[in-house]
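So for the sequence shown, the working numbering puts the first residue at 7; every next one is plus one.
Ideal Cβ placement from N, Cα and C applies to all residues, glycine included.
Report on the following structure.
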Amino acid sequence: MDFKALMNTAEYDFLRTNERLGDRIMLLGLGGSYAYGTNNESSDIDFRGVTLMMPSDLLGLTEFEQYEDDKTDTVIYGFNKLVKLLLECNPNTCEMLGLDEDQYLIKSQTGQELIDNSRLFLSKRAIKSFGGYADAQLRRLQNAIARDTLSQSDREKHILKSVMNALDDFNRRYAGRDIGSIRLYIDQAENSKLDTEIFVDANYEHFPLRDYTELWGTMKTVVRDYDKIGKRNKKKDDNHLNKHAMHLIRLFMMAIDILEKGEIRTHRVDDLPTLIAIRRGDYMLPDGTLSPEFYEMLEEYERRLDEAAAGTILPDNPDMEKMEAFVERINRYAVTGELT
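Here you go:
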């Protein structure tokens, strides 16, 4: 597909007409499956990029984080927002710096500098960030399989475990504070359509309302996702399951490259046979579960990631002095139009 020709169609006119974009765009490249090389006939086209801040963002009162065009699945970050995400080794933004040359649609001089300085962003923070994303993908896999293969009672246990996992961040935030408690447990169902169900004992005092709604919203989302089982489209859901499985392994591959080689490699040319086989469904069994061979592969990548994390020479944190100098150089150019 000719992505540059697509970019120049009327559908993408916002790239040229929006005052924050146009010739202020530093980088614009492929995202998603087309970036990894795992695309198929049903894959969406995603563009990802970064744009210079406006002088008023840096010297005045305006603020800007990112521009999104939902119709074309395009996301363009403001430079300062992108830097903050890259410093945390956020996988979705790291990918932008590891494309092949022909996968970039726009690349200015400052965009090239961003790519050339990609190593400045890499640190041991990648262990947590990529590991967290991989854990989220694995949870999606487990949830999807549980919905389809477990009995109602066992499924209820799985929902409880998923809710507790989803509340981990909330629990850490309030650790040690005496504001009350919540207890989740399974007992004989009061709902006549269920054998067992999850019950809640909660007791809170002087609890911030917004945090309270976040707590219940998190639990509601997990339960709601499970309740969609009756509307399942097997072919569609199997495709999603295979896609989640593929991205799980891809995240491990990218994390290992970062930790072992200090490089971001988004287009997985050498790994495509494995990734495409997973997406194609080669590791899915007739009952809708993943094969033992897939889990053996997953275990091997988990082992390799642990070894890479233990042996990496990446620093614990980025060199903030060098990072400050780089960010100041780019933002000075955003204001003055001159690179010094």
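Quick one, which of the options has its alpha-carbon nearest residue i's?
i	options	result
N209	I31, L200, F136, D184	D184
G55	N14, S62, P61, T99	T99
N86	N46, E344, E302, E330	E330
G37	T342, I133, H273	H273
M60	A340, A132, L278, V228	A340
D201	L173, D244, S157	S157
A251	L144, E119, P97	L144
K130	C95, M7, R271	C95
D29	E334, S198, D50, K113	K113
Y139	D244, P97, D263, E211	P97
N337	S39, L65, I51, D50	L65
R146	E334, G43, L247, S39	L247
Q118	T44, T57, S39	T57
G343	T15, N46, Q115, R310	Q115
R230	S49, N149, T15	N149
A315	F300, E305, D263	D263
E220	D76, D174, D312, T15	D174
S159	Q194, P292, D122, G43	Q194
N46	L265, M7, K163	M7
L190	D50, H164, V206	V206
D217	K199, N171, Y180	Y180
P292	D76, K199, I151	I151
Q109	I51, K163, D76	I51
Between residue i and residue j, is the Cβ-Cβ spacing less than 8 Å?
i	j	result
L27	F332	no
A261	A132	yes
M259	D277	yes
E71	V81	no
R256	L296	no
F9	L105	no
E203	E196	yes
G186	D244	no
L320	L128	yes
S335	T346	The sequence given here places Arg at residue 335; Ser does not occur at that position. Cβ distance < 8 Å, so R335 and T346 count as in contact.
Taking buried to mean at least 16 other C-beta atoms within 10 Å of its own C-beta, is residue i buried or exposed?
i	result
L215	exposed
H253	buried
P324	buried
K249	buried
E327	exposed
V228	buried
K267	exposed
R161	buried
G223	exposed
S135	buried
Y83	buried
R22	exposed
D63	buried
S39	buried
Y307	buried
T68	exposed
L311	buried
T44	buried
L265	buried
R309	exposed
So residue i and residue j are in contact, right, with Cβ under 8 Å, and what is the actual spacing, rounded?
i	j	result
F20	L34	With a Cβ gap of about 12 Å, F20 and L34 do not count as contacting.
E107	A41	With a Cβ gap of about 13 Å, E107 and A41 do not count as contacting.
M225	V275	With 8 Å as the limit, M225 and V275 do not qualify as a contact, their Cβ atoms being about 42 Å apart.
I192	L166	6 Å
M32	L120	6 Å
L91	I270	Actually they do not touch by this definition, with Cβ atoms about 13 Å apart.
E17	T78	6 Å
If you measure from the CB of residue i, is any heavy atom of the ligand MG nearer than 7 Å?
i	result
I270	Ligands are entirely absent from the displayed structure, and the ligand MG is therefore not among its contents.
- [ ] State whether the stretch 79-93 contacts the stretch 275-292, with contact taken as three or more CB pairs (one from each stretch) at a distance under 8 Å.
- [x] They do not touch, by the three-pair rule.
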